[in-house]
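Written out below as structure tokens is the structure these notes cover.
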Amino acid sequence: MADRIPLHEALRAGTALGWTSVAAVITALVVGVPILDAELVAVLTGLAAIAHLVMARLPWAALLPTPRGRLLIDLWAGGVLISVCGLVLIAGGQSRLDLLLLLVVPFLAISHDDNPRKLVAWMVVAAVAFGASVGFAPDPLPVPEALLHLVLLAGSTALSLMLARSVRRNALAVTEAVRRAELEGAMLAESHHRVKNSLQVVAELLLLGRPEDPASAEAFDRAAERIHAIAAVHQVLASRRGGRVQANELLDAIVAGYDDVRVEAEPVELPFAQAQHLGVVVNELVTNAIQHGSPPVRVTLTADGVLTVRDGGSGPSSEALAAPGLGLTLVRQVVTNGLHGTLQRDVDGAVRIDFPTDANPRR
Numbered sequence: 001m002a003d004r005i006p007l008h009e010a011l012r013a014g015t016a017l018g019w020t021s022v023a024a025v026i027t028a029l030v031v032g033v034p035i036l037d038a039e040l041v042a043v044l045t046g047l048a049a050i051a052h053l054v055m056a057r058l059p060w061a062a063l064l065p066t067p068r069g070r071l072l073i074d075l076w077a078g079g080v081l082i083s084v085c086g087l088v089l090i091a092g093g094q095s096r097l098d099l100l101l102l103l104v105v106p107f108l109a110i111s112h113d114d115n116p117r118k119l120v121a122w123m124v125v126a127a128v129a130f131g132a133s134v135g136f137a138p139d140p141l142p143v144p145e146a147l148l149h150l151v152l153l154a155g156s157t158a159l160s161l162m163l164a165r166s167v168r169r170n171a172l173a174v175t176e177a178v179r180r181a182e183l184e185g186a187m188l189a190e191s192h193h194r195v196k197n198s199l200q201v202v203a204e205l206l207l208l209g210r211p212e213d214p215a216s217a218e219a220f221d222r223a224a225e226r227i228h229a230i231a232a233v234h235q236v237l238a239s240r241r242g243g244r245v246q247a248n249e250l251l252d253a254i255v256a257g258y259d260d261v262r263v264e265a266e267p268v269e270l271p272f273a274q275a276q277h278l279g280v281v282v283n284e285l286v287t288n289a290i291q292h293g294s295p296p297v298r299v300t301l302t303a304d305g306v307l308t309v310r311d312g313g314s315g316p317s318s319e320a321l322a323a324p325g326l327g328l329t330l331v332r333q334v335v336t337n338g339l340h341g342t343l344q345r346d347v348d349g350a351v352r353i354d355f356p357t358d359a360n361p362r363r
């Protein structure tokens, strides 16, 4: 990736160089810069524009990672260098078109910064091309002005090398950042996977000590279900290599063991803590609906943070939602203190929870 980013920058530089050079020559023709053979210069400029358009339309996304892409960029750089020298020899030194080399040198520096030998070779070629075009052009520039152009070209070369190294450093920094992010994502996913496994072991150990007394056994079962709900959050996070949780994946994981529960969730991404709280709440409400309601149970979640759980019957009464039982007390506390939302009963008997999301951050 670090090698490809400078080539992308070279491609952008070549595109800007080509059209800027064409615009500069056209401007020189229009404003009356002294050009010995204006018609031939205009024809060559038109051909150069066509060639540049063809090069710009090549499938560079597929070509750049290959040796052919590097070769094409070399040919492009050489073609531009030859074109500029040819224009100077045709137009004459007084046209000052040798200044176009100030645009060519940055392209050469960016496209060859990864290969010092080739970079030096191209810089030497550019210097020789400048000397030949200025020295052999008809109607040559005065020596002092030619020396001034040479100094400007040297300054452009130095600046181009600094720019190329900056591009290279940025490319390496981006590559390192991506590598670190991938590594941290993998480590975080492994951490969530281990937590999920540990929680499942805890739930299984809890069930191994399950008493035979029905009332006590129910308490053990509910505790194990709550642990499994939290484990489901870590399972989803492990599959996504950490980060945020897709709500539909979370809800599907929580109700996976039930046959008569349907989930309809719009695309919502939740932070880890919010997903964990939502998992506990949904598990409690679904379990309550299965035990005390009628099938089927339907769970819906909208993008703006409206969760509803309804069964096939009339649903829990408002008094039941306010009852001091452990399950609904836990739901009320998690909704209020964890999700920072509200809990209520809709007119159709569904339990409704409103909580803030990215799409609707304030309520």
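Numbering (full-length UniProt numbering), first residue to last: 1 to 363. We put the CB at the ideal spot given by N, CA and C, even for glycine.
Query, Result
"Straight-line Cα distance separating F136 from L71", "30 Å"
"Continuous alpha helix (DSSP H) assignments of at least 4 residues falling wholly in the segment 226-293", "247-254, 272-292"
"Where residue 403 falls, given that 16 or more other Cβ within 10 Å makes a residue buried", "Residue 403 is absent from the structure shown; the chain starts at 1 and stops at 363."
"3 or more residues per run - each beta strand (DSSP E) lying fully within the segment 99-146", "none"
"Close-in-space but distant-in-sequence residues of the same chain around L285 (CB under 7 Å, 5 per side omitted)", "V309, V331, V351"
"Cβ-based neighbour list, L301, same chain, cut-off 6 Å, excluding 5 preceding and 5 following", "A247, A265, L307"
"Inter-stretch contact at 8 Å, needing at least 3 Cβ pairs: the segment 126-142 / the segment 167-175", "no"
"Beta-carbon proximity of V22 to A49, cut-off 8 Å", "yes"
"Residues bridged to T300 [DSSP beta-bridge criterion]", "E264, T308"
"T157 in three-state terms, based on DSSP", "helix"
"Buried or exposed (CB count within 10 angstroms, at least 16 for buried), L53", "exposed"
"For R298, the nearest candidate out of V255, V233, W76, A56 (CA to CA)", "V255"
"Touching by the beta-carbon criterion (3+ pairs, under 8 Å), the segment 35-45 and the segment 85-105", "yes"
"Three-state class that DSSP yields for I353 in the structure shown", "strand"
"L58, DSSP secondary structure in three states", "coil"
"L343 - DSSP class collapsed to helix/strand/coil", "strand"
"Beta-carbon spacing of A10, I110 below 8 Å", "yes"
"Cβ of A229 within 8 Å of any chain B Cβ", "The structure shown has no chain B; it contains just one protein chain."
"Cβ-based neighbour list, A126, same chain, cut-off 7 Å, excluding 5 preceding and 5 following", "L81, L101, V104, V105, L108"
"R96 (DSSP reduced to helix, strand or coil)", "coil"
"Under the three-state DSSP convention, the category S21 falls into", "helix"
"Assigned exposure category for P144 - 16 Cβ within 10 Å defines buried", "exposed"
"Distance between L152 and G86 (C-alpha atoms, nearest Å)", "20 Å"
"Buried or exposed by the 16-neighbour rule on C-beta atoms within 10 Å, applied to S160", "buried"
"Assigned secondary structure, P67 (DSSP; H/G/I helix, E/B strand, else coil)", "helix"
"Within 8 Å, strictly: CB atoms of P296 and V347", "no"
"Classification of T20 by the beta-carbon crowding that lies within 10 angstroms, buried from 16 upward", "exposed"
"Alpha carbon of M123 to alpha carbon of E176, nearest angstrom", "30 Å"
"Cα-Cα separation, H192 to A173", "28 Å"
"Sub-8 Å separation of T329 and R222 beta-carbons", "no"
"C-beta contact flag for V263 and L251 at 8 Å", "yes"
"Coil, strand or helix - G315 by DSSP", "coil"
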